[in-house]
Amino acid sequence: VMGLAELLAQIGVAYDSEEALALGARIAEFLTREARAASVELGQRRGSFPAFHDSLWPGRGFTALRNAAVTCIAPTGTISLIAACSSGIEPFFALAFVRRVLDGRLLLEVSPTVTTVLSALGPAAASALEEVRKHGSLRHVTNLPEEIRRRFPIALEIPPAFHVRMQAAFQAHIDAGVSKTVNLPPHASPEAVREVFLLARELHLKGITVYRYGSRPGQTLSLVEEGPRHDCRECAV
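Using our numbering, the first residue of the sequence shown is number 8, and each one after it goes up by one.
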């Protein structure tokens, strides 16, 4: 799974909305249902996994199953570059950002989706795209319709609890783990991190990742207006 942020933006659904949570759950349920059906067919043809009869699956009405688990959500941090889309089930990190690559070069990337959507807006497009290139966000571009701005929240504009809820929407229908990063601002407190982990536990997540922006020198992705210089001085000492 990758490109969820683009999907939501293209159909006019805000990532941080109840509608997005419902759609995420539907996607996860579909993937697992179809994967399980294929595993049943393979189990009937080739035999079930060795521990099948001692597992919970016979009690759920299954007579054959090739795989003990059929789905997980991977980070896709690298392979999503090939498709030029957002990774995994993450929101847009930013609509424009700086990527640090292995040889130390810094590359400016602008979301093709936001470029396409804004280009269709007529006279307002040029100034809006310039704001995106400068700041990586549409939040303060007041000459755009609210409906357009709502379609493109970036990771640090989304409440931490909603990051966790999106992961939970997928986790409820996924066998193994779900990769998801909860992005926190540089000033996030230990209590904010604690709240994320407690909510993850409450929602029965199998794992959770928190990243406080700027806490690692030389981080891979940086906001355009801050570039690679915004390191957490306290953590870098």
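The beta carbon of each residue, even a glycine, is placed where N, CA and C say it ideally should be.
Here the structure is a predicted model, which means the values were calculated and not measured.
Check your understanding: Which one or two residues does DSSP pair with L228 in a beta bridge?
Key -> R106
Exercise for review: Determine the contact status of G50 and A76, defining contact as a CB-CB distance below 7 angstroms.
Suggested key: no
**Study point:** Euclidean distance between Cα positions of P160 and V108
**Key:** 25 angstroms
Check your understanding: Which parts of the segment 107–155 are runs of the alpha helix (DSSP H), unbroken and 4 residues or longer, counting only runs that do not cross its ends?
Key -> 119–126 and 131–142
Review point. Would you say P193 and Y218 are within 7 angstroms of each other, going by their C-beta atoms?
Key: no
Exercise for review: Can you tell me which of the three DSSP states V77 falls into?
Suggested key: Judged by DSSP in its simplified three-state form, V77 adopts coil rather than helix or strand.
Review point. Hey, would you say G68 sits closer than 7 angstroms to A103, going by beta carbons?
Key: no
Review point. Beta-carbon separation of Y22 and P98 under 7 angstroms?
Key: At the C-beta level, Y22 and P98 come within 7 angstroms of one another.
Review point. Contact check, L205 vs A175 under 8 angstroms by CB: the rounded distance?
Key: Going by Cβ atoms, the distance from L205 to A175 rounds to 13 angstroms, so no, they are not a contact pair.
**Study point:** the segment 148–159 touching the segment 113–129, judged by at least three CB pairs closer than 8 angstroms
**Key:** yes
Exercise for review: Report the option in H170, L14, T83 and G225 whose CA atom is closest to the CA atom of D110.
Suggested key: Measuring from the Cα of D110, the nearest candidate turns out to be G225.
Review point. Nearest-angstrom Cα distance between P166 and L14?
Key: 20 angstroms
Practice item. Answer with buried or exposed for C242, where buried requires no fewer than 16 other C-beta atoms within 10 angstroms of its C-beta. Key: Model confidence at C242 stands at a pLDDT of 45, short of 50, so the residue's coordinates are unreliable; what they give is reported in the following sentence. Exposed is the call here.
Practice item. Could you tell me the boundaries of the alpha helix (DSSP H) in which L205 lies? Key: P197 to E209
Check your understanding: How is R223 classed by DSSP in three states: helix, strand or coil?
Key -> coil
Check your understanding: Just reading off the beta strand (DSSP E) that T188 is part of, what are its end residues?
Key -> T188 to L191
Review point. Taking DSSP as the reference, what is the three-state secondary structure of T216?
Key: strand
**Study point:** Residue interval of the alpha helix (DSSP H) (run including R33)
**Key:** E25 to R53
**Study point:** Pair within 7 angstroms by beta-carbon distance, V148 and A168
**Key:** The beta carbons of V148 and A168 sit no closer together than 7 angstroms.
Review point. L228 to G54, Cα distance in whole Å?
Key: Near 46 angstroms, if we compare the C-alpha coordinates of G54 and L228.
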